[in-house]
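Chains as they are written, first to last, in the numbering used here: chain A, 74 to 345; chain B, 402 to 488.
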């Protein structure tokens with residue numbers, strides 16, 4: 074176990090260091106973001122998971138899994154926000170820029186319903202809290218109860234929720250994982266070789282035909298972890314996804330990639 | 402394991418120097434945010450590696466807390482930069 078953990082940790086450390094080297098070496102701000110968002114998050118995830126395996130301590134494995142899940146939720150968001158801030162404030166001019174002169178409209182979310190309080194969900198949240206503290210006592214139950222109440226209070230339910238299909242979600246996650254590995258291999262390769270001279274950046278806009286904003290969100294996050302692309306802007310009416318591509322070869326490759334992601338994401342949310 | 406983790410942490414520290422250089426050089430504020438973001442993620446990775454050596458969960462907890470604070474900070478500053486320069 075120690076050997077396996079050490080190998081995973083070495084991979085993670087190598088990816089992290091390569092990502093830092095990429096941030097130094099890549100020529101433009103958004104290209105540097107490709108290195109930072111994609112490699113650093115997987116690098117950190119591998120280090121914490123590897124540490125769990127190497128020490129064979131269930132606590133460290135548990136926190137490692139939690140860290141990994143949170144990293145893959147947060148990395149596309151910070152990549153997207155930084156990319157957009159950089160695009161809007163930067164003076165970079167692209168050979169091909171689909172977003173130039175476009176006023177992005179905010180994506181209309183589905184109308185939210187009344188806050189519904191569910192007692193079972195509240196108990197579940199308290200159980201999660203107790204699990205995080207690994208302690209069941211008056212203190213953790215009271216504290217968990219207060220936090221769970223605050224969460225239930227602030228959350229807004231969607232007026233007509235779409236049930237999530239777990240099988241389809243697992244298929245999406247598998248595809249996401251494969252894309253993640255491919256994209257990291259590609260970034261590592263580009264950082265380590267003098268390929269960045271061939272960087273030919275562009276902003277590509279692809280119309281989305283997904284059925285719900287939730288699916289559009291999944292697609293946008295997955296595009297950030299697709300080799301060579303970083304989601305910059307998601308605009309509603311018409312639903313368009315704008316992405317920064319590192320090596321521009323026309324819209325066709327990204328379009329087919331997104332079509333595949335769309336069908337995977339649409340399958341996750343059941344039709345009403 | 403001891404030497405392995407030490408070597409790994411030194412590698413992470415040396416890697417962080419690239420990010421520090423980028424944070425100093427910039428040129429845009431977004432470049433500096435990306436660089437500082439990355440320095441903190443490398444710090445989190447160093448703490449995560451320490452958990453393997455000591456077997457203590459505290460270091461894993463440090464890693465996850467640093468990673469989440471980094472995320473919150475990045476989002477906040479990115480939104481601020483956009484708001485300041487665009488509106």
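Heads up, the beta-carbon is just placed ideally off N, CA and C, and yes, glycines get one too.
Query raised in the report: Do you know whose CA, among A:253, A:243, A:172, lies nearest residue 280 of chain A's CA?
Result: Closest option to residue 280 of chain A, Cα to Cα, is A:172.
Query raised in the report: Taking one C-beta from the segment 330 to 344 of chain A and one from the segment 282 to 298 of chain A each time, how about it: are there three or more such pairs within less than 8 Å?
Result: yes
Report task. Compare the C-beta of residue 97 of chain A against all C-beta atoms of chain B and say whether one is closer than 7 Å. Result -> yes
**Report entry** Burial state of residue 147 of chain A (16 or more Cβ within 10 Å)
**Finding:** buried
Query raised in the report: Of all the residues that make up the segment 235 to 255 of chain A, which are near chain B by a beta-carbon distance shorter than 9 Å?
Result: none
Query - Extent of the continuous beta strand (DSSP E) run through residue 236 of chain A - result: Premise fails: residue 236 of chain A is in no beta strand (DSSP E) and is neither H nor E.
Query raised in the report: Under 8 Å Cβ-Cβ, which residues of chain A neighbour residue 480 of chain B?
Result: Against chain A, a Cβ distance below 8 Å from residue 480 of chain B picks out 154, 158.
**Report entry** residue 326 of chain A versus A:313, A:300, A:118, residue with shortest Cα-Cα distance
**Finding:** A:300
Report task. Could you confirm whether any beta carbon from chain B is found closer than 7 Å to the beta carbon of residue 161 of chain A? Result -> yes
Report task. Assuming residue 104 of chain A and residue 319 of chain A form a contact by the criterion Cβ under 8 Å, report the distance between their Cβ atoms to the nearest whole angstrom. Result -> With a Cβ gap of about 6 Å, residue 104 of chain A and residue 319 of chain A count as contacting.
Query raised in the report: Apart from the five residues on each side of it in sequence, which residues of its chain come closer than 7 Å, Cβ to Cβ, to residue 91 of chain A?
Result: 112, 261, 264, 265
**Report entry** Pick from A:287, A:106, A:118 that is closest to residue 158 of chain A, judged by C-alpha positions
**Finding:** A:106
Query raised in the report: Beta-carbon separation of residue 291 of chain A and residue 338 of chain A under 7 Å?
Result: yes
**Report entry** Minimum Cβ-Cβ distance from residue 486 of chain B to chain A less than 7 Å
**Finding:** yes
**Report entry** Counted within 10 angstroms of its Cβ, other Cβ atoms place residue 237 of chain A as buried (16 or more) or exposed
**Finding:** exposed
Query raised in the report: Taking just the CA atoms, how far does residue 427 of chain B sit from residue 317 of chain A?
Result: 20 Å
Query - Residue ranges of each beta strand (DSSP E) within the segment 254 to 329 of chain A, 3 or longer - result: As far as the segment 254 to 329 of chain A is concerned, its whole beta strand (DSSP E) runs of at least 3 residues are 275 to 280, 302 to 308, 313 to 318.
Report task. Answer yes or no: does any C-beta atom of chain B fall closer than 7 Å to that of residue 325 of chain A? Result -> no
Requested in this report: Compute the Euclidean distance between the alpha carbons of residue 211 of chain A and residue 193 of chain A, then round it to the nearest angstrom.
Outcome: When rounded, the distance between both Cα atoms is 19 Å.
**Report entry** N- and C-terminal bounds of the alpha helix (DSSP H) containing residue 208 of chain A
**Finding:** Here residue 208 of chain A belongs to no alpha helix (DSSP H), and DSSP marks it neither H nor E.
Query raised in the report: Is the beta carbon of residue 117 of chain A less than 7 Å from the beta carbon of residue 462 of chain B?
Result: no
Query raised in the report: Taking Cβ-Cβ distances shorter than 8 Å, what residues in chain B pair up with residue 94 of chain A?
Result: 416, 419
Query raised in the report: In the DSSP assignment, what are the bridge partners of residue 342 of chain A?
Result: A:237
Query raised in the report: Quick one, which of B:456, B:480, B:413, B:479 has its alpha-carbon nearest residue 441 of chain B's?
Result: B:413
Query raised in the report: So what does residue 486 of chain B bridge to, in DSSP terms?
Result: According to DSSP, residue 486 of chain B bridges with nothing at all.
Query raised in the report: If we count Cβ pairs, one from each stretch, closer than 8 Å, do we get three or more for the segment 457 to 471 of chain B versus the segment 75 to 90 of chain A?
Result: Contact between the segment 457 to 471 of chain B and the segment 75 to 90 of chain A is absent, because fewer than three Cβ pairs lie under 8 Å.
Requested in this report: State yes or no: is the C-beta of residue 344 of chain B within less than 7 Å of the C-beta of residue 151 of chain A?
Outcome: The structure shown does not extend to residue 344 of chain B, since chain B spans only 402 to 488, so no value can be given for it.
Query raised in the report: Can residue 473 of chain B and residue 448 of chain B be called in contact, C-beta distance under 7 Å?
Result: No, the Cβ-Cβ distance between residue 473 of chain B and residue 448 of chain B is not below 7 Å.
**Report entry** Residues near residue 416 of chain B by beta carbon distance below 7 Å, same chain, minus five either side
**Finding:** 443
Query - Candidates A:235, A:209, A:201, of which the one nearest residue 346 of chain A by Cα - result: Past the boundaries of the shown model lies residue 346 of chain A; chain A is included only from 74 to 345, so the question cannot be answered.
Query raised in the report: What does a CB cutoff of less than 7 Å around residue 311 of chain A pick up in its chain, not counting 5 residues either side in sequence?
Result: 280
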